[in-house]
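Here it is as structure tokens:
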């Protein structure tokens with residue numbers, strides 16, 4: 001609502017919008033937030049600030065839906081902090097880029113035939129416009145999108161560096177006290193040649209054929225091709241990441257069946273960095289919850305590899321398992337292999353059930369081959385999440401294969417079961433049902449014997465596995481006895497015996513698997529790889545980068561019958577024969593090659609974008625070393641270097657952060673970076689939650705179209721209706737799927753961007769989820785209106801401040817506010833910083849405001865409400881932007897000292913009075929005041945027996 005004509009300068013939404021648009025234009029034209037680099041295109045004139053501050057938000061995807069009010073929560077917080085640190089005199093690097101490759105734009109292209117670049121760039125423009133309206137102090141010239149041609153080129157360049165590198169576990173690391181690092185592939189070849197590095201099979205390099213040499217090199221590359229188990233969705237025609245598969249084994253998009261298949265894929269050897277990825281978490285300032293999630297994902301386990309002999313129809317096989325408890329080998333009564341285990345082939349599986357097979361193991365099948373194949377097909381439909389669920393009923397079938405336990409010679413059955421996965425250990429386990437609940441449940445289901453190996457208490461009923469420690473029992477043969485030992489001693493003794501006998505060895509294994517890096521999609525970075533006529537992969541030279549995506553009339557991969565698990569992916573690029581088939585000179589003359597037709601996953605661009613923020617205009621290097629060292633180099637308190645602050649949702653705690661750390665460490669090892677970690681401090685913001693409504697079918701309906709219906713009985717209760725039909729109300733994370741979106745554009749229009757910023761930041765602690773309530777925004781608006789009235793006359797627009805000294809009481813409140821607000825900003829408690837500012841603003845409301853107080857209030861509020869602060873700062877007579885004005889600090893420390901304090905007076909331990917006394921009061925004076933109190937004298941009959949003084953806050957009197 002507009003202000004009445006008598007108050008033309010009242011701070012209304014209309015005036016706020018005018019002020020905000022004006023300052024946004026000025027910031028842009030003046031390039032207010034540009035931060036200079038030491039060298040290159042973005043180097044500035046004059047001396048660089050010694051202290052830097054590099055903060056950023058997690059890369060957003062430019063959705064066609066734009067932002068809702070939940071998205072800017074972290075964005076506004078980082079903007080407040082960027083503005084605060086600029087006012088501390090730091091050189092602040094703060095921008096926003098876009099993770100712009102991915103499925104949504106490609107899906108839209110498939111539906112409309114419009115190139116995904118068009119919609120992607122439209123969405124980016126829309127998002128930039130929304131962020132500009134909120135007053136973000138992003139540096140425009142540093143903004144990038146992963147789809148930018150130059151960015152794609154450098155992403156491909158980084159892939160080439162990884163492809164042309166190997167991990168040498170034997171050499172000293174680049175950091176003192178560490179071993180193992182990536183090295184150029186040329187150094188591997190040189191080592192093979194001079195014999196300093198043994199070839200995989202020990203053969204001399206000179207005696208190897210060209211193909212053997214190539215295989216010896218390729219087997220060590222950090223980026224390599226392998227036949228890997230993937231999530232294949234025939235109905236979509238593409239491989240899916242695990243997070244794109246629902247718990248019931250169907251595609252998140254389209255609800256198609258998803259099958260586990262082994263397909264030819266690009267892989268990244270992230271497992272080589274397992275130890276460093278885990279150990280270096282101690283060098284970063286991250287929430288402990290996130291560090292634990294990463295360590296658990298890496299999953300380092302100490303134990304032993306044990307070789308069983310499996311007796312298949314085609315002869316004996318070595319079936320190796322990894323176990324963390326080799327001390328329990330005597331209790332292994334069966335084995336389980338993953339349905340994907342390579343041993344499960346027609347040649348190994350017997351053609352009929354052995355005579356000793358129990359009928360309950362067969363699952364009703366006539367022969368083991370049929371049972372196994374049927375089970376493998378059923379398992380391929382399940383997601384890893386579903387298979388790993390410890391609560392689910394265990395299923396499996398007998399393979400017809402028996403194996404010999406190396407410690408006692410017992411023949412034990414080999415089952416296949418979907419709770420064992422190729423992604424961990426060797427894809428095979430020895431099952432000790434007495435000590436593992438999953439194995440216990442399986443053994444009970446299939447009537448397999450259970451042999452205890454740990455002594456249990458007398459009252460243990462044996463109806464579950466015993467998972468506690470205790471003395472070892474039932475574990476001896478003619479050569480070794482573990483009986484009576486504890487777990488650790490038993491593990492050490494058994495491991496030594498296995499190594500002595502040549503049937504096992506100590507081992508460390510990881511849950512982390514190598515990173516599947518291929519997608520059968522169009523809208524992604526093309527690989528900088530071509531294949532020669534023999535099928536060998538070659539990386540393209542730098543001069544041929546970037547490899548740009550060609551246009552195509554059909555953006556969709558070929559889809560198949562959703563149930564056709566045996567179909568093969570056909571990427572869209574594979575149909576462009578003129579692009580795929582090329583003649584190139586890679587240094588040995590013009591030859592024919594074919595391009596890689598898969599594209600990179602959208603993780604690729606988000607692995608390194610923070611580095612490109614530093615040097616976005618550099619065409620000669622992906623980043624100049626001087627600029628990287630200036631912004632991200634190691635320093636005191638930041639031993640591994642990295643950005644000063646990274647804010648984003650906890651949902652990215654594992655994969656994105658793990659992948660980015662891996663790429664960063666490879667580039668560090670190769671000497672391109674001085675920092676060994678990308679993000680020093682990580683902060684996970686909470687979510688904005690809002691009411692959502694479902695109809696009788698359980699479908700969500702638009703929340704803004706739901707109306708409250710008061711009860712007719714006057715009870716005050718309400719129900720909710722949509723289009724005249726009753727709906728149910730629930731509470732959840734704001735999002736388009738719940739149809740409960742409120743846009744920041746609407747909030748800015750109705751209240752002003754500063755009001756919206758203040759409301760979002762004052763809703764609660766930044767790391768907590770908070771409820772959205774549009775009606776509560778008015779509180780933030782009233783605060784800014786009071787601030788405005790305290791400085792500007794609503795009728796004339798003139799200043800109402802007085803050029804007089806600030807009274808002592810107000811000076812003390814102001815000093816305390818300055819001190820507290822600085823502390824709250826440093827601790828990222830923006831909500832309490834706002835509360836402190838409101839206290840000072842309320843304190844001066846209704847009384848003459850001095851220039852000192854007006855300027856202090858304006859400076860304090862400027863990080864959170866920058867537009868109104870800029871306007872007030874200008875009206876207070878300052879020509880320069882407030883963006884770089886020094887943040888207030890207390891110069892008179894005496895103002896922080898309280899003149900008086902409340903003293904509690906007790907009689908026999910009960911509070912009987914409270915006195916306001918000087919903070920420096922003596923014990924004698926305090927005792928005299930307490931005894932003189934009328935409230936105290938009524939409890940005394942003459943002089944007290946004892947008076948205990950704890951000046952200035954406590955007096956305890958004993959009558």
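Residue numbers (the UniProt record's numbering): 1 to 959. Note that beta-carbon positions come from the ideal geometry of N, C-alpha and C, so glycine has one too. Quick caveat: nothing in here was measured; it's all calculated off a predicted structure.
Report task. Specify the secondary structure class of residue 285 as computed by DSSP and reduced to three states. Result -> For residue 285, the secondary structure class from DSSP, reduced to helix, strand or coil, is strand.
Query raised in the report: According to the neighbour-count rule (16 or more other Cβ atoms, all chains shown, within 10 Å of its Cβ), is residue 955 buried or exposed?
Result: It is buried - the Cβ of residue 955 has at least 16 other Cβ atoms within 10 Å.
Query - Rounded separation between residue 182 and residue 666 - CA only - result: The straight-line gap from Cα to Cα measures roughly 6 Å.
Query raised in the report: Going straight from the alpha carbon of residue 523 to that of residue 840, what length do you get?
Result: Residue 523 and residue 840: Cα-Cα distance of roughly 53 Å.
Query raised in the report: On the three-state DSSP scale, how would you describe residue 276?
Result: Three-state DSSP puts residue 276 in a helix.
Query raised in the report: Given that a residue counts as buried once 16 or more other Cβ atoms are within 10 Å of its Cβ, and exposed if not, what is residue 731?
Result: Under this definition residue 731 is an exposed residue.
Requested in this report: Jot down the residue ranges of each uninterrupted beta strand (DSSP E) in the stretch 282-337, minimum 3 residues, whole runs only, in chain order.
Outcome: With a minimum length of 3 residues, the continuous beta strand (DSSP E) runs that stay inside the stretch 282-337 are 301-312, 315-323 and 334-337.
Query - From 928, 107, 98 and 612, residue whose alpha carbon lies closest to that of residue 124 - result: The candidate whose alpha carbon is nearest that of residue 124 is 98.
Query raised in the report: First and last residue of the beta strand (DSSP E) that includes residue 663?
Result: Secondary structure note for residue 663: it is in no beta strand (DSSP E), and the uninterrupted alpha helix (DSSP H) holding it is 655-669.
**Report entry** Nearest-angstrom Cα separation, counted from residue 851 out to residue 789
**Finding:** When only Cα atoms are considered, residue 789 and residue 851 end up about 14 Å apart.
Query - Option nearest residue 494 by Cα separation, candidates 849, 225, 324 and 562 - result: Closest by C-alpha distance to residue 494, out of 849, 225, 324 and 562, is 324.
Query - residue 781, buried or exposed, once every other Cβ within 10 Å from all chains shown has been counted against 16 - result: By the 10 Å Cβ count, residue 781 comes out buried.
Query raised in the report: If you run the structure through DSSP and keep just helix, strand and coil, what is residue 729?
Result: Three-state result, residue 729: strand.
Query raised in the report: Per DSSP, residue 903 is paired with what?
Result: Partner(s): 915.
Query - residue 583 - partner residues in DSSP beta bridges - result: Assignment of beta-bridge partners to residue 583 by DSSP yields 592.
Query raised in the report: Buried or exposed: residue 831, going by 16 or more other Cβ atoms within 10 Å of its Cβ?
Result: The residue in question, residue 831, is buried, as its Cβ has 16 or more Cβ neighbours within 10 Å.
Query raised in the report: Since residue 251 and residue 263 are thought to touch, with beta carbons under 8 Å apart, how far apart are those beta carbons, to the nearest angstrom?
Result: With a Cβ gap of about 16 Å, residue 251 and residue 263 do not count as contacting.
Query raised in the report: By how many angstroms is the C-alpha of residue 647 removed from the C-alpha of residue 146?
Result: When rounded, the distance between both Cα atoms is 19 Å.
Query raised in the report: Grouping DSSP H, G and I as helix and E and B as strand, with all else coil, what is residue 231?
Result: Three-state DSSP puts residue 231 in a strand.
**Report entry** Contiguous alpha helix (DSSP H) assignments of at least 4 residues, all confined to the stretch 18-44
**Finding:** Counting only unbroken stretches of 4 or more residues, no alpha helix (DSSP H) element lies wholly within the stretch 18-44.
Query raised in the report: Helix, strand or coil for residue 990 per DSSP?
Result: Here the chain has residues from 1 to 959 only, and residue 990 is not among them.
Query raised in the report: Below 8 Å, can you find three or more Cβ-Cβ pairs linking the stretch 841-861 to the stretch 768-787?
Result: Put simply, the stretch 841-861 touches the stretch 768-787. At least three CB pairs are less than 8 Å apart.
Query - Local Cβ density within 10 Å of residue 394, reported as buried at 16 or more and exposed below that - result: Counting Cβ neighbours within 10 Å, residue 394 comes out buried, since at least 16 surround it.
Requested in this report: Please report how far the alpha carbon of residue 242 lies from the alpha carbon of residue 386, in whole angstroms.
Outcome: Across the structure, residue 242 and residue 386 are spaced so that their CA atoms are roughly 11 Å apart.
Query raised in the report: So residue 720 is in the beta strand (DSSP E); what residue range does that whole segment cover?
Result: Residues 718-722.
Requested in this report: Could you check the C-alpha separation between residue 129 and residue 139 for me, to the nearest Å?
Outcome: Counting only the Cα atoms, residue 139 lies some 14 Å from residue 129.
**Report entry** Residues near residue 802 in its chain [Cβ-Cβ closer than 8 Å; skip 5 each side]
**Finding:** So the list reads 848, 849, 850 and 851, once near-sequence residues are dropped.
Requested in this report: Could you tell me which of 823, 540, 333 and 548 sits nearest to residue 475, measuring between CA atoms?
Outcome: Comparing Cα positions, the closest option is 333.
**Report entry** N-terminal and C-terminal residue of the beta strand (DSSP E) that residue 508 is part of
**Finding:** 504-509 is the span of the beta strand (DSSP E), which, as asked, contains residue 508.
Report task. Return the bridge partner residues of residue 709 from the DSSP annotation. Result -> Answer by DSSP bridge pairing, in chain order: 719.
**Report entry** Residue(s) in a DSSP beta bridge with residue 648
**Finding:** Beta-bridge pairing links residue 648 to 684.
Report task. Could you check if residue 273 is buried or exposed, using at least 16 other CB atoms within 10 Å of its CB as the buried criterion? Result -> Buried.
Query raised in the report: Can you check whether the CB of residue 883 is closer than 9 Å to the CB of residue 37?
Result: In this structure, residue 883 does not lie closer than 9 Å to residue 37 by Cβ.
Query raised in the report: Expressed to the nearest angstrom, what Euclidean distance is found between the alpha-carbon atoms of residue 906 and residue 89?
Result: Each residue's alpha carbon lies about 51 Å from the other.
Query raised in the report: Could you check where the alpha helix (DSSP H) with residue 889 kicks off and where it finishes?
Result: Residue 889 -> no alpha helix (DSSP H), and no H or E assigned at all.
**Report entry** Rounded C-alpha distance that separates residue 322 from residue 337
**Finding:** So the two alpha carbons sit approximately 12 Å from each other.
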